[in-house]
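Visitor:
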Amino acid sequence: MQDIHFILKKYWGFSNFRPLQQDIIEAVLQKNDVLALMPTGGGKSICFQVPAMAMEGICLVISPLIALIKDQVETPCSKKALIPWPFTPAFYRNKKTLQNAAYGNYKFLYLSPERLQTRLFKEFLPAINPSLIVVDEAHCISQWGYDFRPSYLRIAEIKEELPSVPIIALTASATAKVQLDICEKLLFSKNYKKFQQSFERPNLTYSVFNPTSKQTKLLEIINNTLGSALVYCKSRKQTQQIAEMLQMHKHSAGFYHAGLSNKERNKKQEQWIKNKIRIMVCTNAFGMGIDKPDVRVVVHFDVPDCLENYYQEAGRAGRDGKRSYAVLLYNYGETDALQLKAKIKFPAPEEVKKVYTALMNYLQVPAGSGEGISYAFDLADFSQKFSLDKFLSAGVIEMLGRQEVCLPTMNRALIFLHWFLPAVKKIWKIL
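Under our numbering, the residues of the sequence shown are numbered 3 to 433, in order.
Encoded structure:
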């Protein structure tokens with residue numbers, strides 16, 4: 003086994019590890035399951051790349067986004083060790099890559115959680131015989147696994163196939179509840195090791211402004227800071243509008259959101275990474291895992307939905323340790339909307355009972371009956387008749403749907419409905 007300090011010096015050019023990095027690496031080399039919580043820019047990648055280079059065999063790295071994978075393979079050791087899989091959906095290329103992995107030609111194999119479930123990967127897994135499994139951005143297990151990427155909840159299947167292979171889960175943002183969820187869903191051993199670095203970023207200055215004009219304030223911020231910048235917006239349309247506004251004021255700016263083609267997104271990301279454009283105006287589709295050290299300012303043009311997202315996005319500034327800035331712009335209408343959203347998403351028990359009782363009365367359905375019957379439902383009429391807030395009512399009905407108490411026949415329409423257009427919808431009752 004190669005010395006970890008030799009590997010660090012050879013591939014990264016560093017003589018010493020950052021705080022906790024060596025402890026994490028040694029725990030992995032001792033074949034412990036590891037949960038590592040480190041701030042954005044804290045050097046998480048080294049915590050799995052160094053031990054993987056020291057161990058025999060291949061390292062599987064499970065990452066959520068192509069952009070993240072692309073950024074990872076451009077790290078200092080990538081030219082000698084890292085091979086991504088896949089960048090194209092072609093069957094032949096995937097099979098050839100797995101064959102090469104099985105022959106020991108690669109040291110790292112990057113893939114999405116969905117790829118773990120493919121028949122092709124499962125066929126090659128015994129031959130690949132990995133020595134280490136990495137789950138990068140592990141908070142996505144809780145954030146995405148229960149909604150639109152259920153494959154995150156099935157990562158543990160590989161642990162069942164390879165019980166002696168250690169797993170290291172890495173994240174920059176995880177509450178105590180999410181930490182527990184990560185360990186449970188990945189089937190961590192009882193003696194797993196947890197390492198948590200301070201999330202304080204002493205080089206990062208946080209500021210909050212309630213300006214009369216957000217655009218004017220944004221221009222002031224951009225004019226008074228040097229280096230690369232990120233501007234986060236909530237809507238796709240807004241990213242383009244703000245980018246065009248900045249361009250009109252002679253700033254080099256581009257926009258990025260999930261509605262762009264893969265080719266466009268890759269091109270824009272490359273331009274920003276290589277400093278061909280200074281400012282990227284984007285939705286939260288941009289940034290996860292992208293390690294650009296010289297970002298001097300991150301501006302949130304809108305208030306993020308949750309504190310964890312804000313911390314992670316703001317933390318993309320100043321990864322090189324130099325003085326940088328995180329700025330949040332808000333107005334009172336936004337804060338009111340966020341409070342309403344929280345109330346809708348997490349209604350109080352008495353509100354749930356109130357809406358449920360009113361729903362039974364409105365539909366004239368005794369509790370415990372009505373299974374398999376479809377009912378016409380007018381949210382506006384229902385809310386008015388029982389003096390209920392229509393947004394809160396829609397939120398409770400959506401929550402009841404998640405619990406399979408009642409199932410909307412058009413769930414996406416109801417989700418849209420409780421924000422914008424209360425109207426007549428069908429509700430499928432399972433009581």
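Every residue gets a Cβ at the ideal spot worked out from N, C-alpha and C, and that includes glycine. Bear in mind the structure is a predicted one, so any value in this text is a computation, not a measurement.
Looking at C-alpha atoms only, which residue of His141, Ala255 and Pro41 is the closest neighbour of Lys278?
Guide: Closest option to Lys278, Cα to Cα, is Ala255.
Visitor: Rounded to a whole number of angstroms, what is the C-alpha to C-alpha distance between Phe123 and Leu232?
Guide: Going from the Cα of Phe123 to the Cα of Leu232 covers about 37 Å.
Visitor: Grouping DSSP H, G and I as helix and E and B as strand, with all else coil, what is Thr207?
Guide: Looking at Thr207 - three-state DSSP - the assignment turns out to be strand.
Visitor: Helix, strand or coil: which one does DSSP assign to Gly15?
Guide: Of the three classes helix, strand and coil, the one that applies to Gly15 here is coil, per DSSP.
Visitor: With a threshold of 8 Å on Cβ separation, who are the neighbours of Pro132 within its own chain once the five nearest residues in sequence on each side are excluded?
Guide: For Pro132, where only same-chain residues beyond five positions count, the Cβ hits under 8 Å are Gly59, Ile60, Cys61, Leu62, Leu111, Leu164 and Val167.
Visitor: Assuming the contact rule is C-beta atoms closer than 8 Å, Ser230 and Lys276 should be a hit. Round their C-beta distance to whole Å, please.
Guide: About 10 Å separates the two Cβ atoms, so there is no contact after all.
Visitor: Could you tell me the alpha carbon to alpha carbon distance between Ile435 and Ala54, rounded to whole angstroms?
Guide: Not covered by the structure: residue 435. The range shown for the chain is 3 to 433.
Visitor: Looking only at its own chain, which residues have a Cβ that is under 6 Å from the Cβ of Leu310, when we skip the five neighbours before and after it?
Guide: The sequence shown places Glu at residue 310, not Leu. Counting only Cβ-Cβ distances below 6 Å, and skipping sequence neighbours, we find Ser175.
Visitor: Expressed to the nearest angstrom, what Euclidean distance is found between the alpha-carbon atoms of Gly397 and Asp338?
Guide: Approximately 16 Å, taken between the alpha carbons.
Visitor: Measuring straight from C-alpha to C-alpha, what distance separates Thr214 and Glu125?
Guide: Going from the Cα of Thr214 to the Cα of Glu125 covers about 60 Å.
Visitor: Under a three-way DSSP split, which group does Gln119 fall into?
Guide: Here Gln119 sits in coil by DSSP.
Visitor: Leu361: which of Ala350, Leu381 and Phe348 sits nearest, CA to CA?
Guide: With distances taken between Cα atoms, Leu361 lies closest to Leu381.
Visitor: Buried or exposed: Gly323, going by 16 or more other Cβ atoms within 10 Å of its Cβ?
Guide: Gly323 comes out exposed.
Visitor: Cα separation between Ala29 and Phe197?
Guide: Approximately 10 Å between the Cα atoms of the pair.
Visitor: What three-state label does DSSP hand Val354 in the structure shown?
Guide: Helix.
Visitor: Let me know the secondary structure DSSP gives Ser215 once reduced to three states.
Guide: In the structure shown, Ser215 sits in coil (DSSP, three-state: anything other than H, G, I, E or B).
Visitor: Give the single residue among Cys142, Ile135, Lys12 and His253 whose Cα lies nearest to the Cα of Glu162.
Guide: Answer by Cα proximity: Ile135.
Visitor: Run through DSSP, which three-state label would Gly256 get?
Guide: Three-state result, Gly256: strand.
Visitor: Determine the closest residue to Val137 out of Tyr108, Gly106, Cys185 and Arg121, with distance taken between C-alpha atoms.
Guide: With distances taken between Cα atoms, Val137 lies closest to Cys185.
Visitor: Quick check on Met40: buried or exposed, where buried means 16 or more other Cβ atoms within 10 Å of its Cβ?
Guide: The residue in question, Met40, is buried, as its Cβ has 16 or more Cβ neighbours within 10 Å.
Visitor: If Tyr364 and Phe388 are in contact, beta carbons under 8 Å, what's the gap, nearest whole angstrom?
Guide: With 8 Å as the limit, Tyr364 and Phe388 qualify as a contact, their Cβ atoms being about 7 Å apart.
Visitor: I'd like to know whether the C-beta atoms of Val36 and Lys195 end up nearer to each other than 9 Å.
Guide: It is a contact, given that the beta carbons lie within the stated cut-off.
Visitor: If the criterion is Cβ atoms closer than 9 Å, does the pair Val283 and Tyr258 meet it?
Guide: In this structure, Tyr258 lies closer than 9 Å to Val283 by Cβ.
Visitor: For Phe249 and Leu220, I'd like the C-alpha separation in whole angstroms.
Guide: The residue asked about is misnamed: residue 249 is Gln in this sequence, not Phe. So the alpha carbons of these two residues sit roughly 13 Å apart.
Visitor: What is the rounded straight-line gap between the Cα of His253 and the Cα of Ile157?
Guide: Using only the alpha carbons, I get a separation of about 44 Å.
Visitor: If we call anything under 9 Å between Cβ atoms a contact, is Gln199 one with Leu10?
Guide: Not closer than 9 Å, so no.
Visitor: Could you tell me the alpha carbon to alpha carbon distance between Ile169 and Cys49, rounded to whole angstroms?
Guide: Their backbone Cα atoms lie some 12 Å apart in a straight line.
Visitor: Would you mind listing the alpha helix (DSSP H) stretches within the region 366-396 that are 4+ residues and don't spill past its ends, in chain order?
Guide: The qualifying runs are 381-387.
Visitor: Around the Cβ of His251, are there at least 16 other Cβ atoms within 10 angstroms (buried) or fewer (exposed)?
Guide: Under this definition His251 is an exposed residue.
Visitor: Using CA coordinates, which residue listed in Cys308, Gly403 and Ala260 is at the minimum distance from Lys239?
Guide: Taking only the C-alpha atoms, the option nearest Lys239 is Ala260.
Visitor: Measuring straight from C-alpha to C-alpha, what distance separates Ile244 and Ala316?
Guide: Ile244 and Ala316: Cα-Cα distance of roughly 19 Å.
Visitor: The alpha helix (DSSP H) spanning Leu37 covers which residue range?
Guide: That residue, Leu37, is in no alpha helix (DSSP H); its beta strand (DSSP E) goes Val36 to Leu39.
Visitor: The ligand ZN and Leu394: does the residue's C-beta get closer than 8 Å to at least one heavy atom of that ligand?
Guide: Looking for the ligand ZN in the displayed structure turns up nothing, as the structure carries no ligands at all.
Visitor: What first and last residue would you give for the beta strand (DSSP E) that runs through Cys308?
Guide: It is not in any beta strand (DSSP E) - Cys308 carries neither H nor E in the DSSP assignment.
Visitor: Beta-carbon separation of Leu188 and Ala140 under 9 Å?
Guide: Yes, the pair counts as a contact, with Cβ atoms nearer than the cut-off.
Visitor: Alpha carbon to alpha carbon, how far is Met412 from His302?
Guide: Residue placement at Met412 is flagged as unreliable, the pLDDT there being 48, under the threshold of 50; a coordinate-derived value is accordingly withheld.
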